[in-house]
Every structure is written in structure tokens, then in C-alpha cells.
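Peer 1: Last residue of the sequence shown: 291 in my numbering, with the numbers rising by one and none dropped.
In this text, a Cβ means the ideal position worked out from N, Cα and C, and glycines have one as well.
Quantities reported herein were computed from a predicted structural model and do not represent experimental measurements.
Below is the structure I would like to discuss, written out as C-alpha cells.
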Amino acid sequence: MTLEIIRAGVRTTVQDLGRPGLAHLGVPRSGALDAGALRLANRLAGNPPDAAGLEITLGGLRARATRALTLAVTGAPCPVRVDRRPADPGLPLAVPAGAVVEIGRASAGLRVYLAVGGGIAVAPVLGSRATDTLSGIGPPVVADGDVLPVGPATALPPGVDLAVVPPPPAALCLPVWAGPRDDWFTAEARHTLRSAEFRVSTQTDRVGARLTGPALARAITDELPSEGLVLGAIQVPADGQPLVFLADHPTTGGYPVIAVIDPSGVDSLAQARPGTPVRFRTP
């Protein structure tokens with residue numbers, strides 16, 4: 009059983025929940041940027057939470073099922089069609105053999121998730137099927153004409169009427185914890201981080217989201233040896249503009265980390281389009 013990609017859209021990758029526990033070997037975690045959306049899609053499709061699905065940036069995917077299957081679409085709200093007939097995101101969808109599934113352009117947010125009953129069964133690398141766009145580990149970015157294998161379904165989809173998912177918020181207020189190098193910044197900079205408004209810039213991808221706003225001044229200007237980075241780390245380069253690391257972040261970095269976003273806020277930032285206002289608060 010396969011899923012034939014007719015049109016891959018702007019950028020589509022295979023993602024699961026990533027490769028945790030390998031940072032000491034220089035291997036990033038990677039995985040779905042909006043992990044909650046992928047877990048929900050897998051649940052609706054009758055998969056375990058860590059099954060691999062597709063992460064589709066802004067929508068625009070068209071694919072054909074070679075055999076009858078169940079799929080689910082979650083994440084950024086978007087129109088869905090099965091053989092040109094409207095279908096609902098947030099529901100298990102029965103797709104007959106030969107049917108074409110179309111994921112339209114997202115009306116809000118950035119990333120749409122498509123789970124297929126049985127999961128996308130590309131070969132795992134280091135225990136995961138996730139595409140790491142920074143290191144190149146895992147399967148390549150999905151392209152037009154690709155044929156993706158689908159594993160055997162292991163469970164029936166749940167009996168739900170609709171999994172209601174609110175659209176991505178127009179503004180974010182994310183909880184942050186003090187970072188390992190917050191003392192490298194002035195007291196004013198630490199206050200500014202938690203009181204000022206920043207905005208997501210156009211320089212955002214799976215590696216990280218660059219923010220624009222008031223510059224965060226350093227109290228210590230020495231060179232910092234490279235040290236470990238984690239998901240949600242807010243690193244501040246020389247220009248004082250914060251950079252929040254997402255799933256494909258490097259495992260080490262040489263700029264100081266002023267704070268770290270609580271894991272509960274990372275999924276929201278992964279769906280934030282350029283221009284989205286972002287504030288930080290102490291949990």
C-alpha cells in the first residue's frame with residue numbers, strides 16, 4: 009500500500025516524534041514541529057502516537073491512495089477534498105482505492121499534518137523516520153512523483169464526531185524559564201524579554217524562529233564556547249534579536265541563551281506566521 013505524491017506543495021516532510029536522547033552524539037531530536045497536532049492526527053487514523061505522517065507547510069498537497077485507507081488531517085485549518093468532494097479535518101476519513109486527496113492552502117497557521125492508517129513506512133534512521141532539514145538525517149524532503157510506503161493498519165480509528173481544534177491564536181504569550189546564560193544580559197534586557205512585544209520574522213523554518221523587537225543588551229561581551237542547546241532555547245546573537253530554536257535546531261551553539269520556552273508553548277510558536285506578535289511571561 010502506498011501514497012503517491014502528485015504535488016508536494018511548498019515544503020512537505022515525513023515526521024514522527026523525532027530522535028530524543030541522541031544530542032550527546034550530535035544528533036538533533038527533529039520530529040514534528042507541532043507535535044500535538046501529529047499525535048491527534050495519528051489518534052484519529054488509528055495509529056500509535058509516534059507513527060510517521062506528513063508535515064505540510066501551508067498546505068497545497070495532492071496525493072493518490074493506491075488502496076483503501078483511513079487518513080486524518082490536523083494542524084493549521086485548511087480545506088480538504090477526497091476525489092473533489094469536501095471532507096472535514098479533525099475526523100477519520102475513509103479514502104477509497106485510487107482516490108485523490110487534496111490539502112488546500114491553510115487559512116491560518118503554518119503547518120498541516122496528515123496521518124495515514126498504518127503510518128508512513130519509510131526506512132527509519134537512528135530509530136526515527138523524521139526528516140531533519142539541518143543535518144540531512146532521515147528521508148529526503150517529499151517531492152512531486154514520490155511514492156511513499158504505508159504500513160499495515162494496526163487498529164480501527166476512534167468513534168468520534170469531530171475533534172475540535174481551535175485555530176492558531178493571532179498573538180502568542182509563551183511561558184519561559186531563565187536560561188543558562190541569563191546573567192550574561194543586563195537587568196533591563198531580562199525585563200524587556202518578559203515585557204516587550206516581539207514579532208515572528210520571515211526568517212523562520214524548522215530550525216528556528218527569528219524574532220524582531222527591542223534588542224537585548226549583554227552585560228558580558230566575552231566570547232562563549234559552544235554549549236548544548238535544547239528545544240525552545242532563546243539564543244541571542246550579536247544583533248540582540250532573539251532566535252528561538254525549534255525541532256531541527258543544532259545540538260550546540262556559541263551565542264548565550266537568555267531563556268527557554270516551556271515545552272507547552274513550543275507547538276504554538278511552530279504554527280505562528282511571520283508578523284505574529286509574541287510576548288514572553290514567567291510561568
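Please report how far the alpha carbon of I145 lies from the alpha carbon of A255, in whole angstroms.
Peer 2: Their backbone Cα atoms lie some 13 Å apart in a straight line.
Peer 1: Going by CA-CA distance only, name the one from Q23, R137, V244 that's closest to T194.
Peer 2: Selected option, being the one with the closest Cα: V244.
Peer 1: Determine the burial state of E63: buried for a count of at least 16 other Cβ atoms within 10 Å of its Cβ, exposed for fewer.
Peer 2: E63 comes out buried.
Peer 1: Just the C-alpha distance for R281 and A178, rounded to the nearest angstrom, thanks.
Peer 2: R281 and A178: Cα-Cα distance of roughly 9 Å.
Peer 1: In the DSSP assignment, find the alpha helix (DSSP H) that holds G44 and state where it starts and stops.
Peer 2: Looking at the DSSP string, the run of the alpha helix (DSSP H) that includes G44 is 43-53.
Peer 1: Between the Cα of S143 and the Cα atoms of L33, R19, G248, which residue gives the shortest distance?
Peer 2: S143 has its Cα closest to that of L33, out of L33, R19, G248.
Peer 1: Determine the direct distance from the alpha carbon of P188 to that of F53, and round the result to whole angstroms.
Peer 2: Note that residue 53 corresponds to Ala in the displayed sequence, not to Phe. Straight-line Cα distance between these residues: approximately 40 Å.
Peer 1: Report, in whole angstroms, the separation of the C-beta atoms of L237 and G261, which I expect to be a contact under 8 Å.
Peer 2: The pair is a contact, with the Cβ atoms about 5 Å apart (cut-off 8 Å).
Peer 1: Note down the Cα distance separating P157 from P148, rounded to an integer number of angstroms.
Peer 2: Using only the alpha carbons, I get a separation of about 14 Å.
Peer 1: Could you have a look at R202 and say whether DSSP puts it in helix, strand or coil?
Peer 2: R202: helix per DSSP, three-state reduction.
Peer 1: Measuring alpha carbon to alpha carbon, tell me which of S203, A84, A105, H257 ends up nearest A217.
Peer 2: Out of S203, A84, A105, H257, H257 has the C-alpha closest to the C-alpha of A217.
Peer 1: I'd like to confirm the pairing. Which residues does DSSP put opposite P285 in its beta bridges?
Peer 2: In DSSP, P285 forms a bridge with R207.
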